[in-house]
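Asks: Residue numbers (UniProt numbering), protein chains in the order written: chain B, 1 to 366; chain E, 1 to 332; chain L, 1 to 662.
Provided herewith is a single structure, encoded as structure tokens, for subsequent inquiry.
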Amino acid sequence: MTAIDMNPTELSRLQLARRVFHGNRLASISLKLFALLIALAVFAEFIAPYSPQERNRAYSDGAPMGITFVNEEGRLQPWPLVPARITSRDPVTLKRVVRTDDTERWNLKFFVRGSNYELLGLFQSDLHLFGVSGDGYLHLFGTDRLGRDIFSRTLFAFRTSLSIGVAAVLTAFVLGVAIGGMAGYLRGWFDTVIMRIIEFIQSIPTLPLWLTVAAAVPRDWTAMQVYLVMTVILALIGWTTLARRVRSRVISMHTDEHVLAGKLAGCSSTRLFLRHMLPAFTGYLIVDLTLAFSTIMIAETSLSFLGLGLREPVVSLGVMLLPAQSISAIMLTPWYLIPGLFVVVVVLLLNFIGDGVRDAADPANY
Amino acid sequence: MLFFLYKRLQSAVVVLFAFSFVVFYLVQLPPGDYADAWAAARAAAGDRVTPDEVENIRQTYGLDRPFLVQYVSWIGSVLTGDLGYSFEFQKPVSHVLSERLPLTLAISFGALFVVYAVGIPLGIYSAVRRQSVVDYSATFIGYIGLATPNFLLALILVYFGQRWFGLSAGGVLSPEFLGEPWTTAKVVDFLTHLIIPVLVLGTAGTAAQVRTMRSTMLDELNRPYVTSARATGLPMRRAVLKYPTRVALIPIVATIGWELTSVISGAPIVGIVLSLPDMGPVFLQSLVNQDMPLAGSILLIYYLLVVIGTLISDLLLFALDPRIRQSVESAR
Amino acid sequence: MPKLSYSTVFTASLLATTAMSDQCPTVASPSGIAHHGLDQVELSAFEAQTGDSLTFHDNPNLEKLVNRGPLPPVSERLPAEPLVILPYEDCGTYGGEMRYLARKLESNTSEGLSWRQVQLVRVDDDLRTIKPDVAKSWAWNHDYTEITFTLRKGHKWSDGTPFTAHDVAFWLNDLINNEELYPTTRAPWSVGSRAEVIDEVTVKFVFDVPQPNLLEHLVTQGQFYAAFAPKHALIPFHGDFAEDADAKAQAAGHNTWADWFRLRWGHWMDRTTHSALGLEVPTLESHIMVTAPEETHRDFVPNPYYHHVDSAGQQLPYVDRHRERFIDPSLYVIEIINGNVDQKSLGPIESYSALKENEAGGIYKVILPEGNKGPYIAFNQTHQDPAVRAIYADVRFRQAMSMAIDRDEVSETLFLGLGTPGSALPHGTPTEKPGDQMHFSGFDPEAAGQLLDEMGMKMGPDGFRLRPDGEPFSIIWEYSTQFTGAPDFPTLVAEMWRSVGIDTQLREISSVDLGDKGRANALDITMIYDQPTYPVLAGGVDTLVPPFHINDPLMGVPWMDWINTNGSQGEEPPAWINDLVALGPEMAREAPGSEAWNAALDKITDIHREQMPIIGIFSSLPRVSVINKDLKNVPEITTIGNTSYTGYLQPWRVDQWYYPAD
């Protein structure tokens, strides 16, 4: 018996939601892609062929490189090859030019030995998912001015941005649920004060405020301190939407039957809230979280881009976009913008997931 | 109605004060002050700066006074309509801003106009013609606009603006029109240069409005009253525009204030990337140089714009939604 | 009101107008004027050689004003003895516009500012020879403590008021040496200097100590301080001259007269052109500001009283409008490609490729004159941690770090391969020795490793060397991107150092913090950019003797404290620092290029050879520059100066540039 045949009423709420969610192809694919990206970021040391600071002297400012299955004799091969590159300097414009060397192919190999790393702080290894044989190299997204692999750096940068995002969103989540829950549960003056504060924060133009706070961070702080402050700054705004949502749900559920039943059965308020109220609107919270997350990613890149956020040697998407500021960079080395495209893709995925979850959380869709 | 407005304004004023305090505090928070920033800038230019000179600057602008005294003296003058004196520009803040505020307003409200002028019709069309090419492309472009950070969009548009249309970058006028009297050609040139900043600021909002409009319209279109209206032979156009649109507009109108907030939020970064003579670049500069009166005034203006936006949306809601009118009347 | 009429006249027509040029000796073909290569001559000498009196011709736009009445004819406006310029190619035609870019009103990056400037003297194309300009001639006393300048009879400020010796004396005695106004001004002006008016056209500067470098200073850093000021326009606001000066300033919202005065007239660069106040301050420059500067741009038109004429008698400048536009530097390249810029030099060298790629379709040509030097590095030999100080103070460490840098790769990676590797020793001086260019500057990681081994810095278990006492060691390199633009240079060099086993931690901080920390002796490394090592171009010996920099100390703050306080504060410097400190004034007493000067320079260079206080990367690095390819009389430029040290050296002589009437 497949799930489709089952009587909807026999399914739990979660199962129902899951079914609606997976019925939305876009959302479901997005979720899988996002999970894949997270995995890429978490295992960046293993996935990335190079370490973020590793330089390829032979190929700085190099364009993205592709993979081929045609060997140097023009025959199709079952294994992937990387056409060799010859770099030189254009005698007139002095820019680096890359030619494909049709007479040489580098073998793309999987599970190769490369630079040393420590994975998840647990064990040491030098195994990389893929790499190129011999003296060859492969830069899927090209390289920057110092010859660092943009693909590898993007993975590490995404991890930085992701961890800031997760930390900020979690902080916002805890703040939002706690404050919003209390406001909704206690009502009265507490509620009024909290609502005024929320209105205040929400009416502030966020980016100018972030700029102000970011500019207030002493410039001699270490990268780690800046990182923590960035998280807090980003969370400062994020919690309000959540708090508002939680509050209104809590208020409307005061009268819900199962909550009333719980009250009568003598549940403590905390238990009542966590066990009976919170699960009922988790769906909406997830939507808010995905949106908050994408806002935070955009904010992180924008602040770093303006030189007010993270800085080298931290690798974040915003830091990577700094050299793309000048128009000459867009003209000569458009691949510097790839980390920006990465931001776009991630935000898109989050939006699609958010839409899917919203539909899934809405009982009208069951 | 007036009572409602009064209450709104009252809380806005309180918030404005709280906000100005926070802002002033934050701007002066980093170590050092404007005098230090000034000294560093002079030294970078190759000038020799002595501690005496720095101290002189510090005293001239009263930077050696306690923070609270500085704040009170600034906010006191703001209350009398004087925004204070910009250290960095060495002229009154109001002079600095009067040259730049109009452009910020033009771009922000231009973007707001685009958001609604494009967002609403496109939303209606997408709802009525679901899964048409227009629907899909609107959704697609909308998502891209939503997901692309403003600064990135601005950079890319500047590049293509130059490549495809030969638009000059940096500012809102081609160089040949600078300092010239306003002619039709100059106005056209000015408007052409507004396209990129307005597009950059407006895309995300437009996308959001299309989505909201589309989904609320869909809800309304599925209601029995629309079906029965169609059944009685009302033409499609009227059946859509007369009632469902009006209902669907309510959530849109309710968010004008927020929309303005987000447009205003995006404005500085667009101004900075595009090097516009608006408040954006000055704002960043004032933050970095700890020019408190200037930074504080700019933030106040940003905030004031948002308050105005919220008021407008309240008023519109009042006019559009009989339920609100009633509840306000009864609240008195 | 003539000012208003200037602006309307000049904005009305920007078309080039053909001028009559009966006879026009040029640099290229001097047609009998003196000898080949001459580029300027005094009127009397010129007329003596041509045997004819030179008839003066006016800019047609100014002529209109003359005809309408507000302006006297050109022959009355020019000094009795104008300076006759022999153009590089030809006598030009009036008209057209020069469009510049700058970051903002107060920017020191705008060459447009410098191209208008005039000084008592100017430097020739060889960047060595000093020639007359505002001053017709000068004479030194025997020990270089007094210099007498002869000005041009009948020379006038841009408002028509006579320019006299009193304006020069006023500048030094009442502005520069007025402590209320300017507590300090850079040497040679700051201490023990005064001016004496001898007659209307003769003025003498008197110094307590010899200043043989004065003229070199005037054409390099000193060109930012025009050595004269319009006394008649400024005294109504000067506290020493006008009793109501304070009251006026307070009425305008300032605390003291000095506060307001500084906005009107700055001792540094073109402060005057920052606000509408500048409209009230006349100038001697080639172009004058006639409308208040705006946020977006600032315009200048020809100074009707400018003292240069070409060899056909036409008053210079030819170009009718100078316009600076203020935009963000990230947009410079696209605006140049757009054809909206006539001349600009750019900082980031990588913009060369983008500009060159679009050169064919553009109105500009890209040139690569020398002018930059790139970065220099100095280790803090007075580091607060004694163990670290011992390492940095060991010359072997500095030699090793220098040899660990692959300068070719730095050039290839960050400077389009255009940098010429070299040490920080003075290049191009008569005292240069064969090995100086690459003194401990060739890439040799093995030799570097050996030196570090010798020092007792053994390799630790993590692949990084330990201090001689066995503790872990890291260089903490704090830098700001104000000049580098990107952290690429420190990143690259840090990697090179790590590969010889010296751990290097990078930290980006703001330039404010960097300056503070430098002065507080709290940095491991200080960096400077584009500091010329040739003392004449540097305007003095400052860059070679402690603290090795004209503004912020590069190194040795505690040593300088010790010396300045006679040992009551700071730290006792090593012998070689004492030697340098003694040699500096010794060299400054001598005329540049003289035997005694060379001897002192040789001794100084010897100490640098031995101690290597500064690590250089390149001996020369070109500066990307674009110029409208239609412009005439633009010389082949081989060098452009840079602001902080040399000022924009002015061999370009922009007042003779013109657009040919096609």
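By construction, the Cβ of each residue, glycine as well, lies at the ideal position given by its N, Cα and C atoms.
Under DSSP, the alpha helix (DSSP H) around Ser-193/L begins and ends at which residues?
Replies: It is not in any alpha helix (DSSP H) - Ser-193/L instead sits in the beta strand (DSSP E) that spans 193-199.
Asks: For Phe-56/L and Leu-78/L, which I take to be in contact (beta-carbon distance under 8 Å), what is that distance rounded to the nearest angstrom?
Replies: Indeed, because the Cβ distance is near 6 Å, the residues count as touching under 8 Å.
Asks: Label Met-587/L either buried or exposed according to how many other C-beta atoms from any shown protein chain fall within 10 Å of its C-beta, with 16 as the threshold for buried.
Replies: Answer is buried; the Cβ neighbour count reaches 16.
Asks: Going straight from the alpha carbon of residue 335/E to that of Leu-260/E, what length do you get?
Replies: Outside the displayed range of chain E (1 to 332) lies residue 335/E, so it cannot be described from this structure.
Asks: Who are the neighbours of Ala-18/E on chain B, taking C-beta pairs under 8 Å?
Replies: In chain order: Phe-200.
Asks: Examine the Cβ distances between the stretch 193-208 of chain B and the stretch 294-311 of chain E and report whether three or more of them are shorter than 8 Å.
Replies: Enough Cβ pairs lie closer than 8 Å, so yes.
Asks: Helix, strand or coil for Tyr-116/E per DSSP?
Replies: Of the three classes helix, strand and coil, the one that applies to Tyr-116/E here is helix, per DSSP.
Asks: Using a threshold of 7 Å, state whether the C-beta atoms of Glu-350/L and Val-341/L are closer than that.
Replies: For Glu-350/L and Val-341/L, no; Cβs fall outside 7 Å.
Asks: Residue range of the beta strand (DSSP E) that Gly-131/B falls in?
Replies: That run of the beta strand (DSSP E) goes 123-132.
Asks: Would you mind stating whether Ile-272/E and Pro-281/E have Cβ atoms separated by less than 7 Å?
Replies: Closer than 7 Å, so yes.
Asks: What would DSSP say about Ala-243/B, mapped onto helix, strand or coil?
Replies: The answer is helix: DSSP assigns Ala-243/B an H, G or I state.
Asks: Report yes or no: is there a C-beta of chain L within less than 7 Å of the C-beta of Ala-169/E?
Replies: Chain L contact via Cβ: present.
Asks: Pull up the CB-CB distance for Ile-179/B and Leu-234/B, whole angstroms please, since I reckon it's below 8 Å.
Replies: Wrong, their Cβ atoms sit about 17 Å apart, outside the cutoff.
Asks: Could you tell me whether any Cβ in chain L is nearer than 7 Å to the Cβ of Gln-162/E?
Replies: Yes - at least one Cβ of chain L is within 7 Å of the one on Gln-162/E.
Asks: Here's a check: name, in chain order, each residue in its chain whose Cβ is nearer than 8 Å to the Cβ of Ala-233/L, leaving out the five neighbours to either side.
Replies: Within the same chain, Ala-233/L has close Cβ partners Trp-157, Asp-159, Thr-161, Glu-280, Val-281 and Pro-282.
Asks: May I ask you to list the residues that DSSP assigns as paired with Arg-85/B?
Replies: According to DSSP, Arg-85/B bridges with Thr-100/B.
Asks: Under the three-state reduction of DSSP, which class applies to Ile-109/B: helix, strand or coil?
Replies: What sits at residue 109/B in the sequence shown is Lys, not Ile. In the structure shown, Lys-109/B sits in a strand (DSSP, three-state: E or B).
Asks: Step through the CB atoms of chain E and report whether any lies within less than 7 Å of the CB of Phe-158/B.
Replies: No - not a single Cβ of chain E is within 7 Å of the one on Phe-158/B.
Asks: Give me the residue from His-322/L, Ala-226/L, Tyr-479/L and Lys-344/L with the minimum Cα distance to Asn-628/L.
Replies: Ranking the options by Cα distance to Asn-628/L, first place goes to Lys-344/L.
Asks: Just reading off the alpha helix (DSSP H) that Asp-488/L is part of, what are its end residues?
Replies: Note, Asp-488/L: alpha helix (DSSP H), 488-498.
Asks: Could you tell me which residues DSSP puts in a beta bridge with residue 665/L?
Replies: What is shown of chain L runs 1 to 662, which leaves residue 665/L out entirely.
Asks: Give the DSSP bridge partners of Asp-149/B, in chain order.
Replies: Partner(s): Thr-143/B.
Asks: Identify which residue in Thr-413/L, Glu-409/L, Thr-429/L and Met-403/L has its Cα closest to the Cα of residue 673/L.
Replies: Nothing about residue 673/L can be read from this structure; chain L reaches only from 1 to 662.
Asks: Just mark Val-188/E as buried or exposed, buried being the case when its beta carbon has 16 or more other beta carbons within 10 Å.
Replies: The residue is exposed, with fewer than 16 neighbouring Cβ atoms inside 10 Å.
Asks: Could you pull out every residue in the same chain whose Cβ sits closer than 6 Å to the Cβ of Glu-324/L, ignoring the five residues on either side in sequence?
Replies: Closer than 6 Å at the Cβ level, and outside the excluded window around Glu-324/L, lie Tyr-100, Ala-102, Ser-110, Gly-112 and Arg-298.
Asks: Looking at C-alpha atoms only, which residue of Gln-90/E, Ala-254/E and Gln-162/E is the closest neighbour of Trp-260/L?
Replies: Of the candidates Gln-90/E, Ala-254/E and Gln-162/E, the one whose C-alpha sits nearest the C-alpha of Trp-260/L is Gln-90/E.
Asks: Between Leu-368/L and Val-333/L, what straight-line distance do the alpha-carbon atoms span, to the nearest angstrom?
Replies: The straight-line gap from Cα to Cα measures roughly 15 Å.
Asks: Which of the three DSSP states is assigned to Arg-100/E in this structure?
Replies: DSSP places Arg-100/E in coil when its eight states are reduced to three.
Asks: Residues bridged to Pro-251/E by DSSP?
Replies: Answer is none; Pro-251/E lacks a bridge partner.
Asks: For Phe-17/E, I'd like the list of residues in its chain whose CB is within less than 7 Å of its CB, leaving aside the five on either flank, ordered along the chain.
Replies: Excluding residues within five positions, none has a Cβ falling inside 7 Å.
Asks: The alpha helix (DSSP H) with Arg-358/B in it runs from where to where?
Replies: Run containing Arg-358/B: 338-361, per the alpha helix (DSSP H) assignment.
Asks: Tell me the start and end of each unbroken alpha helix (DSSP H) in the stretch 589-633 of chain L that is at least 4 residues and wholly inside, in chain order.
Replies: Counting only runs of 4 or more, we get 595-611.
Asks: Provide the residue(s) that pair with Ile-377/L in DSSP beta bridges, ordered along the chain.
Replies: Answer by DSSP bridge pairing, in chain order: Met-527/L and Ile-615/L.
Asks: For Val-301/E, report the span of its alpha helix (DSSP H) as first-last.
Replies: The displayed chain sequence assigns Ile, not Val, to residue 301/E. Its alpha helix (DSSP H) spans residues 292-320.
Asks: Tell me whether residue 746/L is buried or exposed, calling it buried when 16 or more other Cβ atoms sit within 10 Å of its Cβ.
Replies: Shown here, chain L extends from 1 to 662; a query on residue 746/L therefore has no answer.
Asks: Can you list, in chain order, the residues of the stretch 329-362 of chain B whose Cβ is nearer than 7 Å to any Cβ on chain L?
Replies: Listed by position along the chain: Met-331 and Leu-332.
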